[in-house]
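Numbering (the working numbering), first residue to last: 1345 to 1514.
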């Protein structure tokens, strides 16, 4: 079975599970990842700077809740695993279902434009224009702090820190 060509932006949890489902249904797809590795937010020290993981981070959701139905987390994992175990789980998932074969690493999407007749024209980091029928946006949102400003809110403190701004501090 084949289907429309599909682009996936991001190889974190959402991008990997999207790639797995498309593979299960025989739908051709390409996953674009800005980094040199999978994992997105769980790739601590990600060279693309798009991870808000910090050294002592543990998932705040039980491994039973986070596990994929078709690929449970190992029983040896604690109930609330450390980020390194989540990253390893994603690596194992990608390996088990051969998901990396359709990932273009260090080639993220810098612009996506819906075409009037349908489909998408994507501009990659490499400067290529690529056409796809469908687009899955799975690029995450936790890496880019969004600090609201609005009239009527209490005055903001002089200094606001997020996990991305305190990296490396002790």
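Every residue gets a Cβ at the ideal spot worked out from N, C-alpha and C, and that includes glycine.
Run the CB neighbour count on residue 1408, radius 10 Å, all protein chains shown included, and call it buried at 16 or more, exposed below. exposed
Decide yes or no for the touch test of the region 1414–1434 against the region 1385–1394: beta carbon pairs closer than 8 Å, at least 3 of them. Yes, the region 1414–1434 touches the region 1385–1394.
Residue range of the alpha helix (DSSP H) that residue 1413 falls in? Run containing residue 1413: none; DSSP gives neither H nor E here.
Alpha carbon to alpha carbon, how far is residue 1363 from residue 1442? 10 Å
Quick one: Cα of residue 1480 to Cα of residue 1359, how far? 8 Å
What separation, rounded to the nearest whole angstrom, lies between the Cα atoms of residue 1454 and residue 1404? Taking the straight line joining both Cα atoms gives about 32 Å.
Below 8 Å, can you find three or more Cβ-Cβ pairs linking the region 1364–1371 to the region 1464–1476? no
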